[in-house]
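>
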Amino acid sequence: MAKKARELGNEQYYIEVDPLRVRATIFRAMNNLDSSWYYINKAHDIEVEAIRKATDEKIIEVEARYNIKLKNQQLAQQEKRLRLETQRKNLIILGLVATLIFAAFVLYLYTQLRRSFRITQQQAAKIIHTNHDLRVSLKQQSVLQREVHHRVTNNLQTLISLLEIQAEKLTDHKAVQSLETLSNRIWSMAIVHEMLYRDQNLDAIEVQSYVEKLCGHLSDISGRGDRIIYTIEMRGYHFNLQTLVSIELIINELFTNSIKHAIAFSEILKLFMSLDTKKDGYVLVFQDNGSGFSEEVTDTSEGLGFYLIKSMVRQLDGHLKVKNEGGAKYNIFFKEHRRISE
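Using my numbering, read the sequence shown as starting at 967 and increasing by one per residue.
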């Protein structure tokens, strides 16, 4: 026990026990067993007490170390919880900041869209107002154009009437024919303005109906009645006013010329007119069933009618080919006349 006490570091108890053991040994040698037993028990009690105290101290020390370790673990866990809590708070704050930024961005976009929508509405209102003004202006211009064409038609009709009155007063047959030819030319131009007055597009006048009306008029005033048969193949073509005026003057001259010179008055005059598209423009074909030309027709050929035809062909930036082919045949190659504004 003494050794155990010394191992536990209880040197003080060792100092107290050794004298008691010595006394017990002495009393045993003296055969005083009671005293020897007494000192031995007392030494034993002191050693047990020393061992208990040392053990308690060790237990306290172990408990202290355990408590410290436990406390350190608790502190570590608490620190970890604090760190996780801090991270969670940071994530929450970051999420809130991102949400606020996104909300601000959405609000900005909404504001811009509202502004764009408002501007669009204002522009739409302006466009509607402008379109209304343009429609009103266009309607006014259309009315004015119709009125202009109506007045031009009336003036041309007046001029035709004056020429007819003047022709009735003349006795010279050639002079009467000249006035009638001039009257036909004026009437052919009056048809265009009359058709425009009836709401036709100024830039897209239908050729077929116009030429039919022109040829019908020339046939009626020729005096031949049903002895003139004409075929027109020009459907699907539309020209502007400038082009159509040149074409109608050309057809008027060719039609009139065939009536006068192609065949005898009593015979049936057959006329063929067609319009076709070519690579760089169009070709107008006019042919009769007469005897043709007695000599070649050239650019130097005389006559007001032929001069007028060549002039109209030049205005259309075209050229004229004439040949005998079962009668007189005219091939007129031309381009659509462009307006000055273009």
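We put the beta carbon where it would ideally sit given N, CA and C, even for glycine.
These figures come from a predicted structure and were not determined experimentally.
1. Do you know how far the Cα of Ala1090 is from the Cα of Ser1185?
2. Over the uninterrupted alpha helix (DSSP H) stretch that includes Phe1299, give me the two end residues.
3. For a quick check, are the C-beta atoms of Phe1259 and Asn1223 less than 7 Å apart?
4. Using a Cβ distance threshold of 8 Å, determine whether the stretch 1217-1237 contacts the stretch 1269-1282, with at least three qualifying pairs required.
5. How many angstroms separate the CA atom of Leu1128 from the CA atom of Val1142?
6. Classify Met996: buried if its beta carbon has 16 or more other beta carbons within 10 angstroms, exposed otherwise.
7. Can you list, in chain order, the residues of its chain whose CB lies under 7 Å from that of Leu1282, leaving out five sequence neighbours each side?
8. Exposed or buried, which one is Ile1012 when buried takes at least 16 other CB atoms within 10 Å?
9. Would you grab the beta carbon distance between Ala1228 and Gly1256 for me? Rounded to a whole angstrom, and I think it's under 8 Å.
10. Under a three-way DSSP split, which group does Asn1206 fall into?
11. So, with DSSP's three-state summary, where would you put Ile1194?
12. Going along the chain, which residues of its own chain have a beta-carbon closer than 7 Å to the beta-carbon of Ile1287, five neighbours each way excluded?
13. Applying the criterion that 16 or more other CB atoms from any shown protein chain within 10 Å of the CB defines a buried residue, is Val1102 buried or exposed?
14. Consult DSSP for Met1278 and reduce its assignment to one of helix, strand or coil.
15. Specify the secondary structure class of Ser1240 as computed by DSSP and reduced to three states.
16. For Leu1235, count neighbouring C-beta atoms within 10 Å of its own C-beta (all shown protein chains included) and say buried if the count is 16 or more, exposed if not.
17. Taking Ala1277 as the reference, give the member of Glu1233, Lys1245, Ile1216 and Leu1148 with the closest Cα.
18. Indicate the three-state DSSP secondary structure (helix, strand or coil) for Glu1291 in the structure shown.
19. Looking at C-alpha atoms only, which residue of Gln1053, Lys1179, His1139 and Gln1174 is the closest neighbour of Ala1156?
20. What's the gap between the Cα of Arg1151 and the Cα of Ile1275?
21. Which same chain residues, not among the five before or five after Thr1266, have their C-beta less than 7 Å away from its C-beta?
22. Thinking C-beta only, is Gly1202 closer than 7 Å to Asp1254?
23. Run through DSSP, which three-state label would Gly1182 get?
24. By Cβ distance, which residues of its chain are closer than 6 Å to Arg1193, with the 5 residues on each side in sequence left out?
25. Can you give me the Cβ contacts of Glu1146 inside the same chain, cut-off strictly under 7 Å, excluding the 5 residues immediately before and after it?
26. Since Leu1241 and Val1173 are thought to touch, with beta carbons under 8 Å apart, how far apart are those beta carbons, to the nearest angstrom?
27. Considering just the uninterrupted stretch of the beta strand (DSSP E) at Asp1283, what are its terminal residues?
28. Consult DSSP for Gly1247 and reduce its assignment to one of helix, strand or coil.
29. Which whole-angstrom value is the C-beta distance of Lys1008 and Leu986, which I expect to be below 8 Å?
30. According to DSSP, Asp1254 sits in a beta bridge with which residue or residues?
31. How close, in whole Å, do the beta carbons of Cys1181 and Ile1198 come, if the pair is a contact with beta carbons under 8 Å?
This is what the structure holds:
1. By one-based count along the sequence shown, residue 1185 stands at place 219. By one-based count along the sequence shown, residue 1090 stands at place 124. For the pair Ser1185 and Ala1090, the Cα-to-Cα distance works out to about 56 Å.
2. Numbered from 1 along the sequence shown, position 333 holds the residue referred to as residue 1299. Unbroken run through Phe1299 is the beta strand (DSSP E), Ala1294 to Phe1300; no alpha helix (DSSP H).
3. Walking along the sequence shown from the start, residue 1259 turns up at place 293. Walking along the sequence shown from the start, residue 1223 turns up at place 257. If you check the CB distance, Phe1259 and Asn1223 do not come in under 7 Å.
4. The count of Cβ pairs closer than 8 Å, one atom from the stretch 1217-1237 and one from the stretch 1269-1282, reaches three, so the stretches are in contact.
5. On the sequence shown, position 162 is the one that residue 1128 refers to. On the sequence shown, position 176 is the one that residue 1142 refers to. The alpha-carbon separation between Leu1128 and Val1142 amounts to approximately 13 Å.
6. Reading the sequence shown from its first residue, position 30 is the one you call residue 996. With fewer than 16 other Cβ atoms within 10 Å, it is exposed.
7. Stepping through the sequence shown from its first residue, residue 1282 is reached at position 316. Once the five neighbours on either side are set aside, the close Cβ partners of Leu1282 are Thr1209, Ser1212, Phe1300, Lys1301 and His1303.
8. Here residue 1012 is taken as the residue at index 46 of the sequence shown, counted from 1. Buried, since its Cβ has 16 or more Cβ neighbours within 10 Å.
9. Along the sequence shown, one-based indexing puts residue 1228 at 262. Along the sequence shown, one-based indexing puts residue 1256 at 290. By a beta-carbon distance limit of 8 Å, Ala1228 contacts Gly1256. Their separation comes to about 3 Å.
10. Translated into the one-based positions of the sequence shown, residue 1206 becomes position 240. Coil, per DSSP.
11. As a position in the sequence shown, residue 1194 is number 228, starting the count at 1. Three-state result, Ile1194: strand.
12. Walking along the sequence shown from the start, residue 1287 turns up at place 321. In the sequence as presented, Ile is not what sits at residue 1287; that position holds Lys. Only Asn1297 meet the Cβ criterion.
13. As a first step, residue 1102 must be located in the sequence shown, where it is residue number 136. Within 10 angstroms of the beta-carbon of Val1102 lie fewer than 16 other beta-carbons, which makes it exposed.
14. Residue mapping note: residue 1278 aligns to position 312 of the sequence shown, counting from 1. Reduced to three states, the DSSP call for Met1278 is helix.
15. Reading the sequence shown from its first residue, position 274 is the one you call residue 1240. Three-state DSSP puts Ser1240 in a strand.
16. Taking the first residue of the sequence shown as position 1, residue 1235 is located at position 269. Counting other Cβ atoms within 10 Å of its Cβ, Leu1235 reaches 16 or more and is therefore classed as buried.
17. For this step, residue 1277 is matched to residue 311 along the sequence shown. Per the sequence shown, the amino acid found at residue 1277 is Ser instead of Ala. If we check each option's Cα against that of Ser1277, Ile1216 comes out closest.
18. Residue 1291 sits at position 325 when you count from the first residue of the sequence shown. Glu1291 falls in the coil class under three-state DSSP.
19. Translated into positions along the sequence shown, residue 1156 becomes position 190. Of Gln1053, Lys1179, His1139 and Gln1174, the residue nearest in Cα terms is Lys1179.
20. Against the sequence shown, residue 1151 aligns to sequence position 185. Against the sequence shown, residue 1275 aligns to sequence position 309. Arg1151 and Ile1275 have their alpha carbons spaced roughly 12 Å apart.
21. Residue mapping note: residue 1266 aligns to position 300 of the sequence shown, counting from 1. Unreliable positioning characterises Thr1266 in this predicted model, as indicated by a pLDDT of 43, which lies under 50. A coordinate reading is not provided.
22. As a working mapping, residue 1254 is identified with position 288 in the sequence shown. As a working mapping, residue 1202 is identified with position 236 in the sequence shown. The answer is no: Cβ separation not under 7 Å.
23. Residue 1182 sits at position 216 when you count from the first residue of the sequence shown. DSSP places Gly1182 in helix when its eight states are reduced to three.
24. Here residue 1193 refers to the residue found at position 227 of the sequence shown. Its chain contains Ile1234 as the residues whose beta carbon lies nearer than 6 Å to that of Arg1193, once the 5 sequence neighbours on both sides are disregarded; these appear in chain order.
25. Here residue 1146 is taken as the residue at index 180 of the sequence shown, counted from 1. Taken in chain order, the residues that qualify are Ala1133.
26. Residue numbering aside, residue 1241 sits at position 275 when the sequence shown is read from its first letter. Residue numbering aside, residue 1173 sits at position 207 when the sequence shown is read from its first letter. Sure, about 6 Å apart at Cβ, within 8 Å.
27. As a first step, residue 1283 is located in the sequence shown; it is residue number 317 there, counting from the start. It is not in any beta strand (DSSP E) - Asp1283 carries neither H nor E in the DSSP assignment.
28. Numbered from its first residue, the sequence shown carries residue 1247 at position 281. Strand at Gly1247.
29. As a first step, residue 1008 must be located in the sequence shown, where it is residue number 42. As a first step, residue 986 must be located in the sequence shown, where it is residue number 20. That pair is a contact at about 5 Å.
30. The residue given as residue 1254 occupies position 288 in the sequence shown. Per DSSP, the beta-bridge partners of Asp1254 are Leu1237.
31. Here residue 1181 corresponds to residue number 215 of the sequence shown, with the count starting at 1. Here residue 1198 corresponds to residue number 232 of the sequence shown, with the count starting at 1. At roughly 7 Å, the Cβ-Cβ gap stays under 8 Å, so Cys1181 and Ile1198 are in contact.
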